[in-house]
Each structure stands twice: as structure tokens, then as C-alpha cells.
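Comments concern the structure below.
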Amino acid sequence: MLTPSLESENALPGPSVPSSHSPQSTPGLGLLRWLFHPAQEPLARRIVRQLSNRDQLSLAATCHSLRCLVEFVYRLDVSLDYLTSDDEFPGLSRVIKHRGDTIRSLRANIYDYPEYATFQNDWKRVVGLAPRLDSISLSGGTIDDWPRIARSLTDFPRTPRSLNLDFTFATFFDDDDYIASLINDGMPDLTCHQLGGIRSLYLITNSQTNTAEILAIISPLLPGLRRLEITTDIPDPHLYRELVTQFPRVTHLSISPIKCDCSILFPPNQPIFRNLVCLELRCVYEHSSLGALASLKATD
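Once you know that position 271 of the sequence shown is 271 in full-length UniProt numbering, the rest is easy, because the numbers rise by one and skip nothing.
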């Protein structure tokens, strides 16, 4: 009498050979059936979220009844105009309306809109569809728009942890009173409190803007910031002084490019960024001021 091997006993039938037997009941199979029973849907979602995107797609292809679980863990990076163009992107519109919590990153170009009121209407339309948004990228605006942008960020159920601002067309200011008004004029306490949850800021400016003044306007509302990345055409000492004054608690700092004296950031024997664990400086020219980096220690 021959005893079948373990391998042949557990082998699955080929696609052309239908099986007439039910799968053998095992404790593991029973546990899986219980975990993925509709009554345990919240628990099943938590399990599926641990899978890679490739494995999630494989799961959806293998079992039709589990596709609803997989759809909830897709992470979509979408543009605001895509979300509000039902006729052009009907498939995406259906996904967003029924699975809005899959949106993790939202991008919007304010200059795509003829007036700010139109942008605001589309913005508010999306707010209720994205309860789990992690990142927002806004471009095309000017620093004049900052108070309205700040208020709009509080429209979401949960404050995003990452904020990307492209002030390429921002206005240069010489009026200190006007700058102060942008910081304090009509900014509700709720706005200040909610923006404190933002942990990462990526700021883009150009040679026509004053990056230091932009930081002076933005920084009071971002007390929880830990990661700061700046890309600007013409950094200046005022920018570095603003960084030292307003952001000493950052853990990640990236500046690109470096074109002037950066010793302000790292004075000898006076560590300023005591929590810094990652520093990235893109140096496009050779400067003797880079010698200031030689004094940095791992314990600083």
C-alpha cells in the first residue's frame, strides 16, 4: 500500500483539471475564513493594508469578494482638476466618489483657475471626499494668497502632514507692515492650531521672490515643522538667519542651491539645529564658507 507524499497530497489541480473535492478543512483555513468574513471587514482591511501594492492587486485578481478591501488601500496622487472633471475622467470620478479615503496626495495649480473663487469652489467640493489626505501641493499662487491658503487647509477633516508650496510667482515685499498683516490679519485661532500638525514643508521660490520674507510669513503657523526643504534661485544671508531664528527644531534640512555664506547656519562651537539628523546642501559653487561644515560633529 502506497502512502501519498505530502507534496502530492497538497498539490493544487491544474487549470484544466476541475476539482470535485472541497478544500481540506484546517485550522489555518478556518482562521482565514473567519478573518475575511464580511462581519470582520475592519480587521480584514487592516491585514490587507500590510500587503505591498503588487500583492494587493494579486489578491484582487484571485478573489472577487475581497476586491472591496483592496480598493480601500490604494494610495492615489491626484490633481484637483482631475477630481472635478467628471466628463473627462468618469472612471476616476466614480472611484473618488465611492473610495475618497484612497486619496493620499492632492495637487492643485491656482493659476489654472480664472479667479480664486472658482478654485475655492472646486477645493471645497473635494474636501469631503478626502478624509485621509497626507500631502497637499499648491502651485501658481502668490504670497498674497497665503492667508486664504492657510484657512483652506483647515477645511479637511484631518490636517495633512506634508505641505508643498510653489511660490514661483510670489511678490517681493518692502513693506514691513504689510508682511506683518499677512501673518496676523484675521487668522483664526483654529487655523493656527490645525496647521501645527504639519510636519513637512517643501518650498519653491525663484529669483523674483524673497524667500526669507516668505518664511517669516509662514513660520508662525507651522510650530510642529520637522522637515524643511527649500529650493530657491538666490539664497541670501537673510534666509539663513530666518532659518536659524524660526526653525531650530527641524530634524531634516535641505537647501538647494547654496550660493552664499552658509556659516551663519553653523557657527563654530554653537550648534543651533540640535535635533538635526539629516542635512542636505546642494553646493553649486566652491565657497570658503563651506569650511563651516568642518566643525559639525555627530553629537551636535
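Glycine included, each C-beta is placed from N, C-alpha and C at the ideal position. All values reported here derive from a predicted model rather than from experimental measurement.
(1) Going by C-alpha distance, which of R45, G197, I217, G28 is nearest R148?
(2) Extract the residue ranges of the beta strand (DSSP E) inside the segment 51 to 91, only unbroken runs of 3 or more that lie entirely within it.
(3) Where T3 and R104 are concerned, what is the direct C-alpha to C-alpha distance, given to the nearest angstrom?
(4) Under three-state DSSP, which class holds L281?
(5) Here's a check: name, in chain order, each residue in its chain whose Cβ is nearer than 6 Å to the Cβ of N206, leaving out the five neighbours to either side.
(6) So, helix, strand or coil for I255, using DSSP?
(7) In the DSSP assignment, the beta strand (DSSP E) including E229 goes from what residue to what residue?
(8) Just mark S152 as buried or exposed, buried being the case when its beta carbon has 16 or more other beta carbons within 10 Å.
(9) May I ask you to report which of helix, strand or coil DSSP gives D166?
(10) Grouping DSSP H, G and I as helix and E and B as strand, with all else coil, what is residue 301?
(11) Of the choices D145, I264, V250, whose alpha-carbon is the least far from that of I214?
(12) Distance check for G100 and R94, CA to CA, integer angstroms please.
(13) Taking the beta strand (DSSP E) that L138 falls in, what are its first and last residues?
(14) Between I272 and I255, which are expected to be in contact by the criterion C-beta below 8 Å, what is the C-beta distance as a whole number of angstroms?
Let's see:
(1) For the set R45, G197, I217, G28, the Cα lying nearest the Cα of R148 is the one of I217.
(2) Fully contained in the segment 51 to 91 are the following beta strand (DSSP E) runs of length 3 or more, in chain order: 76 to 79.
(3) Summary for T3: the model assigns pLDDT 39, below 50, so the residue's position carries little reliability; its value from the coordinates is reported in the next sentence. Here the C-alpha atom of T3 lies approximately 54 Å from the C-alpha atom of R104.
(4) DSSP places L281 in strand when its eight states are reduced to three.
(5) Once the five neighbours on either side are set aside, the close Cβ partners of N206 are T168, D233.
(6) Judged by DSSP in its simplified three-state form, I255 adopts strand.
(7) Per DSSP, the unbroken beta strand (DSSP E) holding E229 starts and ends at 227 to 231.
(8) It is buried - the Cβ of S152 has at least 16 other Cβ atoms within 10 Å.
(9) Strand, per DSSP.
(10) This structure cannot speak to residue 301, because the chain is shown only from 1 to 300.
(11) Nearest option by C-alpha distance: D145.
(12) Roughly 9 Å separates the two Cα atoms.
(13) Secondary structure note for L138: its beta strand (DSSP E) is the uninterrupted segment 135 to 139.
(14) The Cβ separation is near 14 Å, so there is no contact.
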